[in-house]
Amino acid sequence: MSTIDPKASATFYTEAKANGFTFLDTPMSGGITGARNGTLAFMVGANTTEEYEHAKGVLQGMGANFFHCGVPGTGEIAKLTNNLILGISMVATAEGMAIGEKMGIDPKILQKILACSTARNWCVDTYNPRPGILENVPAANNYEGGFAVGLIKKDMVLALEAAHSAKADTTLLEKSLDYYVDLEKKGKGSKDFGYVYQYIMKNKNI
(Lines of atoms letter the chains of each structure in order from A; the text may use other names.)
(Lines give C-alpha, C1' and ligand atoms only; values in the text may rest on other atoms or scores of the structure.)
Protein backbone atom coordinates (compact mmCIF):
# COMPACT_ATOMS: atom_id res chain seq x y z
CA MET A 616 0.00 0.00 0.00
CA SER A 617 3.02 2.29 0.07
CA THR A 618 3.39 5.11 -2.42
CA ILE A 619 6.64 4.29 -4.19
CA ASP A 620 8.27 4.41 -7.62
CA PRO A 621 6.11 2.58 -10.22
CA LYS A 622 9.17 0.89 -11.73
CA ALA A 623 10.09 -0.46 -8.29
CA SER A 624 6.64 -2.04 -7.94
CA ALA A 625 7.01 -3.74 -11.32
CA THR A 626 10.42 -5.07 -10.29
CA PHE A 627 9.10 -6.33 -6.95
CA TYR A 628 6.31 -8.19 -8.78
CA THR A 629 8.83 -9.99 -11.00
CA GLU A 630 11.14 -10.85 -8.10
CA ALA A 631 8.24 -12.09 -5.96
CA LYS A 632 6.98 -14.35 -8.75
CA ALA A 633 10.44 -15.86 -9.14
CA ASN A 634 10.25 -16.86 -5.48
CA GLY A 635 6.71 -18.21 -5.50
CA PHE A 636 4.93 -15.10 -4.21
CA THR A 637 2.67 -12.43 -5.69
CA PHE A 638 3.44 -8.77 -5.02
CA LEU A 639 0.84 -6.20 -6.04
CA ASP A 640 0.92 -2.44 -5.68
CA THR A 641 -2.29 -1.36 -3.94
CA PRO A 642 -1.90 2.30 -2.91
CA MET A 643 -5.01 3.98 -1.58
CA SER A 644 -6.65 7.36 -1.25
CA GLY A 645 -9.23 8.80 1.10
CA GLY A 646 -7.22 10.24 3.95
CA ILE A 647 -7.70 9.65 7.64
CA THR A 648 -11.48 9.93 7.26
CA GLY A 649 -11.56 7.18 4.66
CA ALA A 650 -9.34 4.97 6.78
CA ARG A 651 -11.54 5.41 9.83
CA ASN A 652 -14.74 4.77 7.90
CA GLY A 653 -13.46 1.94 5.72
CA THR A 654 -14.19 3.92 2.56
CA LEU A 655 -10.72 4.15 1.02
CA ALA A 656 -10.19 3.92 -2.73
CA PHE A 657 -7.61 1.33 -3.78
CA MET A 658 -5.62 1.46 -7.02
CA VAL A 659 -4.34 -2.01 -7.86
CA GLY A 660 -1.58 -2.99 -10.25
CA ALA A 661 -1.95 -6.67 -11.17
CA ASN A 662 -1.14 -8.76 -14.21
CA THR A 663 -4.34 -10.80 -14.15
CA THR A 664 -7.95 -10.40 -13.13
CA GLU A 665 -7.46 -13.34 -10.76
CA GLU A 666 -4.66 -11.53 -8.93
CA TYR A 667 -6.76 -8.38 -8.74
CA GLU A 668 -9.83 -10.16 -7.37
CA HIS A 669 -7.72 -11.99 -4.79
CA ALA A 670 -6.26 -8.69 -3.59
CA LYS A 671 -9.70 -7.10 -3.62
CA GLY A 672 -10.92 -9.73 -1.19
CA VAL A 673 -8.27 -8.65 1.29
CA LEU A 674 -8.79 -4.92 0.76
CA GLN A 675 -12.58 -4.85 1.07
CA GLY A 676 -12.36 -4.55 4.85
CA MET A 677 -10.71 -1.15 4.40
CA GLY A 678 -12.18 0.29 1.24
CA ALA A 679 -15.27 1.00 -0.82
CA ASN A 680 -13.80 1.69 -4.26
CA PHE A 681 -11.44 -0.61 -6.14
CA PHE A 682 -9.75 -0.16 -9.50
CA HIS A 683 -7.67 -2.59 -11.55
CA CYS A 684 -5.33 -0.06 -13.09
CA GLY A 685 -3.37 -2.45 -15.28
CA VAL A 686 -0.04 -4.23 -14.89
CA PRO A 687 2.08 -4.02 -11.72
CA GLY A 688 3.21 -0.43 -11.22
CA THR A 689 0.10 1.20 -12.65
CA GLY A 690 -1.47 1.41 -9.20
CA GLU A 691 1.46 3.61 -8.22
CA ILE A 692 1.04 5.72 -11.35
CA ALA A 693 -2.57 6.38 -10.38
CA LYS A 694 -1.59 7.25 -6.81
CA LEU A 695 1.23 9.58 -7.82
CA THR A 696 -0.97 11.48 -10.25
CA ASN A 697 -3.67 11.71 -7.56
CA ASN A 698 -1.25 13.08 -5.00
CA LEU A 699 0.40 15.57 -7.31
CA ILE A 700 -3.08 16.96 -8.07
CA LEU A 701 -3.86 16.92 -4.34
CA GLY A 702 -0.67 18.82 -3.50
CA ILE A 703 -1.36 21.43 -6.17
CA SER A 704 -5.02 21.69 -5.10
CA MET A 705 -4.07 22.35 -1.49
CA VAL A 706 -1.75 25.18 -2.50
CA ALA A 707 -4.47 26.65 -4.73
CA THR A 708 -7.12 26.31 -2.01
CA ALA A 709 -4.86 27.83 0.65
CA GLU A 710 -3.89 30.69 -1.63
CA GLY A 711 -7.50 31.45 -2.56
CA MET A 712 -8.68 31.28 1.06
CA ALA A 713 -5.82 33.51 2.21
CA ILE A 714 -6.34 36.09 -0.53
CA GLY A 715 -10.07 36.25 0.13
CA GLU A 716 -9.58 36.69 3.86
CA LYS A 717 -6.93 39.38 3.40
CA MET A 718 -9.26 41.25 1.07
CA GLY A 719 -12.03 41.25 3.66
CA ILE A 720 -14.47 38.40 3.05
CA ASP A 721 -15.54 36.19 5.95
CA PRO A 722 -13.59 32.92 5.39
CA LYS A 723 -16.57 30.83 6.50
CA ILE A 724 -18.75 32.43 3.84
CA LEU A 725 -16.00 32.10 1.26
CA GLN A 726 -15.63 28.38 1.98
CA LYS A 727 -19.36 27.82 1.59
CA ILE A 728 -19.29 29.60 -1.77
CA LEU A 729 -16.26 27.69 -3.02
CA ALA A 730 -17.74 24.39 -1.83
CA CYS A 731 -20.75 24.73 -4.14
CA SER A 732 -19.06 26.56 -7.02
CA THR A 733 -16.70 25.63 -9.82
CA ALA A 734 -13.64 25.90 -7.56
CA ARG A 735 -14.95 23.02 -5.42
CA ASN A 736 -12.43 20.31 -4.58
CA TRP A 737 -11.63 17.98 -1.67
CA CYS A 738 -9.34 20.55 -0.05
CA VAL A 739 -12.19 23.08 -0.08
CA ASP A 740 -15.18 21.07 1.06
CA THR A 741 -13.77 18.12 3.05
CA TYR A 742 -10.29 19.03 4.30
CA ASN A 743 -10.22 22.81 4.38
CA PRO A 744 -6.86 24.14 5.61
CA ARG A 745 -8.23 27.27 7.30
CA PRO A 746 -8.81 26.76 11.06
CA GLY A 747 -12.36 27.42 12.22
CA ILE A 748 -14.03 26.24 9.01
CA LEU A 749 -14.51 22.49 9.46
CA GLU A 750 -14.45 20.20 12.48
CA ASN A 751 -12.55 16.91 12.65
CA VAL A 752 -9.85 17.97 10.21
CA PRO A 753 -6.18 18.63 11.01
CA ALA A 754 -6.63 22.40 10.64
CA ALA A 755 -8.96 22.19 13.66
CA ASN A 756 -6.25 20.37 15.64
CA ASN A 757 -3.20 22.59 15.09
CA TYR A 758 -2.50 20.62 11.90
CA GLU A 759 -1.76 17.43 13.82
CA GLY A 760 -2.80 13.89 12.90
CA GLY A 761 -3.19 14.30 9.16
CA PHE A 762 -1.16 13.83 5.98
CA ALA A 763 2.26 15.24 6.78
CA VAL A 764 4.03 17.91 4.74
CA GLY A 765 6.97 15.52 4.48
CA LEU A 766 4.78 12.81 2.96
CA ILE A 767 3.10 14.98 0.33
CA LYS A 768 6.55 16.32 -0.54
CA LYS A 769 7.87 12.76 -0.89
CA ASP A 770 4.99 11.75 -3.15
CA MET A 771 5.30 14.85 -5.30
CA VAL A 772 9.03 14.24 -5.73
CA LEU A 773 8.26 10.67 -6.85
CA ALA A 774 5.66 12.04 -9.25
CA LEU A 775 8.19 14.55 -10.57
CA GLU A 776 10.77 11.85 -11.20
CA ALA A 777 8.22 9.59 -12.89
CA ALA A 778 6.96 12.45 -15.04
CA HIS A 779 10.47 13.35 -16.12
CA SER A 780 11.08 9.74 -17.17
CA ALA A 781 8.04 10.12 -19.45
CA LYS A 782 9.19 13.55 -20.65
CA ALA A 783 5.98 15.12 -19.34
CA ASP A 784 5.56 18.77 -18.39
CA THR A 785 5.67 19.44 -14.63
CA THR A 786 5.40 23.21 -14.34
CA LEU A 787 2.60 23.42 -11.75
CA LEU A 788 3.91 20.38 -9.91
CA GLU A 789 7.31 22.01 -9.44
CA LYS A 790 5.90 25.35 -8.32
CA SER A 791 3.61 23.73 -5.74
CA LEU A 792 6.33 21.35 -4.56
CA ASP A 793 8.51 24.36 -3.68
CA TYR A 794 6.00 25.29 -0.93
CA TYR A 795 6.26 21.91 0.79
CA VAL A 796 10.03 21.71 0.39
CA ASP A 797 10.41 25.08 2.10
CA LEU A 798 7.96 24.14 4.87
CA GLU A 799 9.96 21.01 5.60
CA LYS A 800 13.19 23.00 5.67
CA LYS A 801 11.55 25.32 8.22
CA GLY A 802 10.82 22.40 10.54
CA LYS A 803 7.16 21.88 9.62
CA GLY A 804 7.55 18.51 7.93
CA SER A 805 5.44 16.68 10.51
CA LYS A 806 2.52 19.13 10.27
CA ASP A 807 -0.46 18.27 8.09
CA PHE A 808 0.05 19.54 4.55
CA GLY A 809 -2.84 21.96 5.04
CA TYR A 810 -0.30 23.99 7.02
CA VAL A 811 0.58 25.52 3.66
CA TYR A 812 -2.36 27.85 4.40
CA GLN A 813 -0.44 29.35 7.34
CA TYR A 814 2.66 29.60 5.16
CA ILE A 815 0.76 31.58 2.52
CA MET A 816 -1.33 33.59 5.00
CA LYS A 817 1.83 34.78 6.75
CA ASN A 818 3.60 35.55 3.45
CA LYS A 819 5.96 32.57 3.99
CA ASN A 820 7.20 34.04 7.29
CA ILE A 821 6.61 31.15 9.67
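So my numbering is basically just the index in the sequence shown, starting at one, shifted up by 615.
The beta-carbon is built from N, C-alpha and C at its ideal position, and this holds for glycine as well.
>> Any contact between the region 650 to 665 and the region 746 to 761? By contact I mean 3 or more CB pairs, one from each, below 8 Å.
In response: No: fewer than three Cβ pairs fall under 8 Å.
> Can you tell me whether residue 638 is buried or exposed, with buried defined as 16 or more other CB within 10 angstroms of its CB?
Replying inline: With 16 or more other Cβ atoms within 10 Å, it is buried.
>> Given this structure, state the Cα-to-Cα distance separating residue 817 from residue 769, to the nearest angstrom.
In response: Distance between the alpha carbons of residue 817 and residue 769 is about 24 Å.
> Would you say residue 578 and residue 681 are within 7 Å of each other, going by their C-beta atoms?
Replying inline: Residue 578 lies beyond the residue range present for the chain, which begins at 616 and ends at 821; the question has no answer from this structure.
> Tell me which same chain residues have a C-beta within less than 6 Å of the C-beta of residue 725, skipping the five on either side of it?
Replying inline: So the list reads 715, once near-sequence residues are dropped.
> Smallest Cα separation from residue 808: which of 627, 703 and 625?
Replying inline: Ranking 627, 703 and 625 by Cα distance to residue 808 puts 703 first.
>> Applying the 10 Å Cβ sphere with the 16-neighbour rule, what's the burial state of residue 643?
In response: Flag for residue 643 reads buried.
>> Could you tell me the alpha carbon to alpha carbon distance between residue 784 and residue 700, rounded to whole angstroms?
In response: One Cα belongs to residue 784, the other to residue 700, and the distance between them is close to 14 Å.
> Are there 16 or more other CB atoms within 10 angstroms of the CB of residue 641, so buried, or fewer, so exposed?
Replying inline: The residue is buried, with at least 16 neighbouring Cβ atoms inside 10 Å.
> If you count every other CB in all the chains shown that lies within 10 Å of the CB of residue 739, and 16 or more means buried, which is it?
Replying inline: A residue is called buried once 16 or more other Cβ atoms fall within 10 Å of its Cβ, and residue 739 is buried on that count.
> By Cβ distance, which residues of its chain are closer than 7 Å to residue 746, with the 5 residues on each side in sequence left out?
Replying inline: Here the set comprises 754 and 755.
> Buried or exposed: where does residue 675 fall if 16 or more other Cβ atoms within 10 Å of its Cβ makes it buried?
Replying inline: With fewer than 16 other Cβ atoms inside 10 Å of its own Cβ, residue 675 counts as exposed.
> Who does residue 805 pair with in a DSSP beta bridge?
Replying inline: Looking at the DSSP assignment, residue 805 forms no beta bridge with any residue, so it has no partner.
> Does the distance from the CB of residue 652 to the CB of residue 686 come in under 7 Å?
Replying inline: Contact flag unset, no.
>> I believe residue 660 touches residue 624 by the beta-carbon criterion, under 8 Å. Please report the beta-carbon distance rounded to the nearest angstrom.
In response: Going by Cβ atoms, the distance from residue 660 to residue 624 rounds to 6 Å, so yes, they are a contact pair.
> Contact check, residue 774 vs residue 788 under 8 Å by CB: the rounded distance?
Replying inline: Going by Cβ atoms, the distance from residue 774 to residue 788 rounds to 6 Å, so yes, they are a contact pair.
> How far does the beta strand (DSSP E) with residue 772 in it reach, from first residue to last?
Replying inline: No beta strand (DSSP E) contains residue 772, which is instead part of the alpha helix (DSSP H) from 764 to 780.
>> For a test of the three-state rule: what should DSSP assign to residue 640, helix, strand or coil?
In response: In the structure shown, residue 640 sits in a strand (DSSP, three-state: E or B).
>> For residue 684, report the span of its beta strand (DSSP E) as first-last.
In response: Taken as a continuous stretch (DSSP letters only), the beta strand (DSSP E) holding residue 684 covers 678 to 685.
>> Measuring only the C-alpha atoms, how far is residue 627 from residue 646?
In response: In a straight line, the C-alpha of residue 627 is about 26 Å away from that of residue 646.
> Between residue 812 and residue 744, is the Cβ-Cβ spacing less than 7 Å?
Replying inline: Residue 812 places its beta carbon less than 7 Å from that of residue 744.
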